[in-house]
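This report refers to the structure that appears directly beneath it.
Residue numbers (the working numbering): 396 to 491.
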């Protein structure tokens, strides 16, 4: 199966953006997949630096958890448990 050129991979994101729905982008880290860096994904998608681009391997629960956490922060805003801080959490995820 031929992979689409990266510039043609974002119609769903265009739909989310047109409707004002929060979203995050991911750079696939699944073994054997084309490896694109987060900034390559951002550039190809034409999205601003405000949209998080995270690395993700969907086979790893922690990776999926981090992406879902970043999405939830976009949906409801940062949440913290008493005594915990989210400061730097997205930075750490994006550098995984």
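Cβ coordinates follow ideal geometry from the N, Cα and C atoms, glycine included.
Discussion item. Given a cut-off of 8 angstroms on the beta-carbon distance, is the pair residue 453 and residue 459 in contact?
Written reply: Indexing the chain shown from 1 puts residue 453 at position 58. Indexing the chain shown from 1 puts residue 459 at position 64. It is a contact, given that the beta carbons lie within the stated cut-off.
Discussion item. Only counting the same chain, and skipping five residues up and downstream in sequence, which positions put a Cβ closer than 6 angstroms to that of residue 402?
Written reply: Position 7 of the chain shown, counted from the start, is the residue given in the question as residue 402. Closer than 6 angstroms at the Cβ level, and outside the excluded window around residue 402, lie 439.
Discussion item. I need the straight-line Cα distance from residue 443 to residue 436, nearest angstrom please.
Written reply: Within the chain shown, numbered from 1, the residue matching residue 443 stands at position 48. Within the chain shown, numbered from 1, the residue matching residue 436 stands at position 41. Using only the alpha carbons, I get a separation of about 11 angstroms.
Worksheet entry | residue 461 versus residue 472: straight-line alpha-carbon distance, rounded | Counted from its first residue, the chain shown places residue 461 at position 66. Counted from its first residue, the chain shown places residue 472 at position 77. Residue 461 and residue 472: Cα-Cα distance of roughly 15 angstroms.
Worksheet item: For residue 422, which beta-bridge partners are listed by DSSP?
Response: By one-based count along the chain shown, residue 422 stands at place 27. Residue pairing by DSSP places residue 422 opposite 450 in a beta bridge.
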